Every structure is written in structure tokens, then in C-alpha cells.
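According to the numbering used here, the residues represented by the sequence shown are 734 to 1146, in order. Note that beta-carbon positions come from the ideal geometry of N, C-alpha and C, so glycine has one too. Everything numeric in this text was worked out from a predicted model, so none of it was measured.
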Amino acid sequence: MTRDIPVVTYIYLLGDSETNVWGLSGRERLRRMLGAFNQTRTVDNPEQIPAHAPAIFLRADHLFDARVLAALINTRVNLVLSSDIGQPVAIRITDGNMRHVLANFMDGGEGEALSALPRYTLKDLNLLGLQQNLKKRDLPYLLFISSDNRRQLELELFARSYKGVTDLVTKWLWPIPAFWAVRICVRFGIRPNQVTLLSLVFALLAGVAFWHGHYGMGLVMGWLMTFMDTVDGKLARVTVTSSRFGDVLDHGLDIIHPPLWYMAWGVGLTGALTQVSDLPIIFSLILIGYVGGRLCEGIFQFWIASFDIFIWRPLDSFNRLVTARRNPNLILLTFGWFIGRPDVGLWSVIIWHLFSTVFLAVRVMMGWQAWRSHGSLRSWFEDIVPGQDEGRLAVRIFAPLAVRRNDRKFTDK
734 MTRDIPVVTY
744 IYLLGDSETN
754 VWGLSGRERL
764 RRMLGAFNQT
774 RTVDNPEQIP
784 AHAPAIFLRA
794 DHLFDARVLA
804 ALINTRVNLV
814 LSSDIGQPVA
824 IRITDGNMRH
834 VLANFMDGGE
844 GEALSALPRY
854 TLKDLNLLGL
864 QQNLKKRDLP
874 YLLFISSDNR
884 RQLELELFAR
894 SYKGVTDLVT
904 KWLWPIPAFW
914 AVRICVRFGI
924 RPNQVTLLSL
934 VFALLAGVAF
944 WHGHYGMGLV
954 MGWLMTFMDT
964 VDGKLARVTV
974 TSSRFGDVLD
984 HGLDIIHPPL
994 WYMAWGVGLT
1004 GALTQVSDLP
1014 IIFSLILIGY
1024 VGGRLCEGIF
1034 QFWIASFDIF
1044 IWRPLDSFNR
1054 LVTARRNPNL
1064 ILLTFGWFIG
1074 RPDVGLWSVI
1084 IWHLFSTVFL
1094 AVRVMMGWQA
1104 WRSHGSLRSW
1114 FEDIVPGQDE
1124 GRLAVRIFAP
1134 LAVRRNDRKF
1144 TDK
């Protein structure tokens, strides 16, 4: 019995960018991005590439979308990838005269060996616009890096680091301050894990303040924590920085701290507006609402569909703006504190949690029925028709079909 031996794709980077984007040169950014792919090896000298081994040559003075790199690595055909102005920026070669092709590439993209290869553009790669991890649909990119467009590229990368479907605070309140916070972090060499640890400190301080009934101070700490929670993810994406520890810490903190905050808030009410005997009921309702909602999301994604419930239909994406997650709940708690009725704030959170969980449960049942009747479900992002759906409110909010690059408008067509 024979076993297939994994084929290693060798990657050679040519040149570098004349300026850094979010603190990284084009070469360093590519090195970090390529580190996420298995069965690849980046070499410093093309002579290190074995004869007849599949190879990819990349111009390091361009920004490559991760989907473009994945397509180049996974394809099994020879090709030249050109930018929108016809400039060759990448070559994938699995057979043929690699040395002559590379020589032509280094000479500016002209030559007999290079001209014999088929020319591709981004559209020819048929890349998916849907990005499940970011709950969004956007255009893959391939952009030249220069000192003149550095600021525009940083804006573009930051915008692309944002989830398309998220809560209303993250979507509309945090982007501008988060952009400047990320810029400060890059300037002073602050890493995403350090920001996450700071958000952990704020989460603990908020919980302690709520426990002792110091709601104003606790809310300040809570809102700072939510802001840091936005900053660390954006910083990690624009600097291509990630670690197993950071992922576990960030996601674990996101899951664990919200119900603990609400319980601490309830403890802070005892002796004033809430009887101690009411706490078991309050805690039970908090857990039912919180755990129930999370279970509904998990059941849908892992048993019914292959994607997040909040990108199934437009209704679900709108629901994500206000569903009972931490940030919308903090708005309710802040309102209760502002009117001098923190008990009203807590009960508002409990009621909203229960309502949101019931709504999610109904959507899960509807998804299950649709799956049984029609087979695999599709996200509404996959059904967007460029040229027809730009005017739809849901498309404008969650999946804009046009982006601006270097003062030029590109559309998803």
C-alpha cells in the first residue's frame, strides 16, 4: 500500500516595498501570511528550489489578499497573475523552464519563457467573496505599495479587518477610535496579546466594581474593555500577528466574562433594590438566556449549516446588531445606571437575553426545516447579485459591493 507524499511548494519573494504598511514591509507581510499555509517553504535564493518542484514567485512590493495566495498555492497549473494594469506580479509554475521564467519575471515581465504561460487576473481565479471568519463578503485585492498610497492602503486593510456582521457598537461607534488606537499600538510596538491582557484587567476591574455596587466606575471599565476587545483583533489582522495563546485568551474571555458581569451586577444590588433571596432566580435566568443563545448559535453552525446563523438571511444579520450580546447589554445597563435604577438595567438585560434566545431558537427550527426540505443552506451573501442589489439596505450595511482604492472605485462585478 502506497501513501501519497505531500508536495512542497517553494516560494521565492522578489524585491520589497518602498514603504511599510501598518509597520510591515511587503516582504515581511508576505512571510507572515505564508507561514499560515502548510506544505510551503519560502526560500531566500531560487537556487534552493529543487528541479521540477512546484514554485511560486511573488513581487513583494504588492499587497496580496490571503485568498489570492491560497489560490496560487492550491492550483496545479502554470500561470502568470497580472495586476489590473497588466503588470505581472506573481507566477505559479509546476513544470517548464523555471530559471528562464524567473529571469523574464525579474527583467520586468517580458520574455519568451514568460509569454508562453497563460495570463490570469483576479477575476480569472474565481475567488470566493464570502469570508466566513469575518462574516462578510468583500472583493479580493492585489495592490501596489508606494509611499503615495500608504495611507489609503492602511485604511483599506483596517476596513477589511472588520467583521461585516457584528453589533451596533462595534460597527458604528468603535471604527474611528479603534483605527487611531491601532495606529498608536503599531507605532510603539504594542502587540495584540498585550492589548488582550489589558482588556482582561479591565474585565476584572469592571466585575469587582459591579460586585460592590460601584456601577459608574464599573461601566467605565466595561466600556474600555469592549473597546480593547475591538482593538486587539484589528491589530492582529493588520499586522498579521497571531498566536495560539492569544486566540484562546481572547475567545475564552469573550465567552466567560459577560454572564459573570451580570451576576456581579446582581450581587451589587443586594441590600438596596434586590433581596438576597432573589439572587438564585436572577442567576438562573441569566444562565438560561446566555447559555441558551450560545447553544442555538452552535447547533445552527455545526449541525444545520456550515456558516454562522447571523449570515443566513438578512433578518439574522440585522438581529446581530442588537441581539443580547455584551455590547447591546452594556447599553441597557448604562441606561439603568443613568436613570438611577440599576435594577431596571439588570432586568432589562435578563428579559432581552430571554427574548433573543427564543428568537434564535425559532430561527434554528426554521433552519432545520429548510435543511430537511431543500438540502444545504446558503448564506444570503452568496445570493447577492452585483449590479442589481447595491440599493438594498442590507447590502449597503453588511456587504457593500464597492470599495475605493487609490481614489478609484472598484465594484464586485
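Here residue 791 is near residue 744, since their CB atoms are less than 9 Å apart. Taking every protein chain shown into account, the CB of residue 887 has 16 or more other CB atoms within 10 angstroms, so this residue is buried. Here residue 994 is buried, its C-beta having at least 16 other C-beta atoms within 10 Å. Using a Cβ-Cβ distance cut-off of 8 Å, the stretch 1098–1114 and the stretch 830–839 are not in contact, since fewer than three pairs of beta carbons, one from each stretch, lie closer than that value. A Cβ-Cβ separation of about 5 Å places residue 965 in contact with residue 929 under the 8 Å criterion.
Runs of the alpha helix (DSSP H) lying entirely within the stretch 922–1007 and spanning at least 4 residues, in chain order: 925–944, 948–971, 977–1002. Straight across, the Cα-Cα distance linking residue 806 with residue 857 is about 15 Å. Under the three-state reduction of DSSP, residue 804 is assigned to helix.
By the neighbour-count criterion, in which a residue is buried when 16 or more other Cβ atoms sit within 10 angstroms of its Cβ, residue 1043 is buried.
Contact between the stretch 1019–1033 and the stretch 1076–1087 is present: 3 or more CB-CB pairs across the two stretches fall below 8 Å. Cβ contact annotation for residue 747 (same chain, cutoff 8 Å, sequence separation greater than five): 790, 791, 792, 793, 838, 839, in chain order.
Inter-residue distance for residue 1030 and residue 1049 is about 11 Å (C-alpha atoms, whole angstroms).
Ranked by Cα distance from residue 821, the options 799, 850, 808, 831 are led by 850.
The alpha-carbon of residue 975 is positioned some 42 Å away from that of residue 1073.
Residues of the same chain with a CB within less than 6 Å of the CB of residue 926, apart from the 5 flanking positions on each side, are 979 in chain order. Just so you know, the alpha carbons of residue 751 and residue 924 end up roughly 24 Å apart. The C-alpha of residue 1107 lies about 38 Å from the C-alpha of residue 1017. Straight-line measurement puts the Cα of residue 853 at about 36 Å from the Cα of residue 909.
Three or more beta-carbon pairs drawn from the stretch 947–954 and the stretch 1055–1070 are found closer than 8 Å, and the two stretches are therefore classed as touching. For residue 1027, the enclosing alpha helix (DSSP H) begins and ends at 1012–1032. Minimum Cα-Cα distance from residue 758 among the listed residues 940, 955, 971 corresponds to 971.
If you draw a 10 Å sphere on the C-beta of residue 1046, you find 16 or more other C-beta atoms in it, and that means buried.
Contact between residue 810 and residue 1060 is ruled out by a C-beta separation of about 46 Å, above the 8 Å threshold. Looking at the backbone, the Cα of residue 958 and that of residue 773 are separated by about 38 Å.
With a 10 Å radius around the Cβ and a threshold of 16 neighbouring Cβ atoms, residue 897 comes out buried.
By the neighbour-count criterion, in which a residue is buried when 16 or more other Cβ atoms sit within 10 angstroms of its Cβ, residue 913 is exposed.
For residue 850, there is no enclosing alpha helix (DSSP H), as DSSP marks it with neither H nor E. Straight through space, the alpha carbons of residue 968 and residue 915 are spaced by roughly 6 Å.
If you look at residue 1086, you'll find it in the alpha helix (DSSP H) that goes 1075–1107.
Residue pairing by DSSP leaves residue 1110 without any beta bridge partner. The three-state reading of DSSP puts residue 813 in strand, counting E and B together.
For residue 782, the secondary structure class from DSSP, reduced to helix, strand or coil, is coil. Assignment of residue 869 by DSSP, reduced to helix, strand and coil, places it in the strand class.
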